[in-house]
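A short write-up of the structure that comes next.
Right, here's the structure in full:
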């Protein structure tokens with residue numbers, strides 16, 4: 001869990017900085033757009049139901065797939081079907 005969470009913390013911190021910068025920038029390159037999209041997916045992946053939290057192994061798999069790009073081709077609403 002520590003290895004997977006460490007990478008996601010870094011990516012989320014970079015995403016927060018990029019998101020703040022992107023508010024003022026009009027033309028972003030493709031790499032920046034991809035990083036913003038991945039950050040949005042990670043943020044959505046980390047949301048859990050208060051009454052039904054994920055088990056630790058499910059959390060590890062979910063975070064791993066999000067940080068390693070396995071969900072990059074999916075729309076934000078569609079990966080819930082795969083994971084949950």
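In the UniProt record's numbering, the protein residues as written are 1 to 84. Glycine included, each C-beta is placed from N, C-alpha and C at the ideal position. This structure is a prediction, so every number in the text was calculated from the model and none was measured.
Counting C-beta neighbours from all protein chains within 10 Å, is the total for residue 93 16 or more, i.e. buried, or is it exposed? Outside the displayed range of the chain (1 to 84) lies residue 93, so it cannot be described from this structure.
(Q) By the three-class DSSP mapping on this structure, what secondary structure does residue 26 have? (A) For the purposes of this step, residue 26 is identified with residue 26 of the chain shown, where counting begins at 1. Residue state, collapsed to three classes: coil.
Quick test of your reading: residue 40 and residue 76, contact by CB under 8 Å. State the CB separation rounded to the nearest angstrom.
Residue mapping note: residue 40 aligns to position 40 of the chain shown, counting from 1. Residue mapping note: residue 76 aligns to position 76 of the chain shown, counting from 1. Residue 40 to residue 76, Cβ: 6 Å. Contact.
Next item on the list: Could you tell me whether the Cβ of residue 75 comes closer than 8 Å to any Cβ of chain B?
Entry: Absent from the structure is chain B; it holds one protein chain and no more.
Only counting the same chain, and skipping five residues up and downstream in sequence, which positions put a Cβ closer than 7 Å to that of residue 32?
Your numbering for residue 32 matches position 32 in the chain shown. For residue 32, where only same-chain residues beyond five positions count, the Cβ hits under 7 Å are 18.
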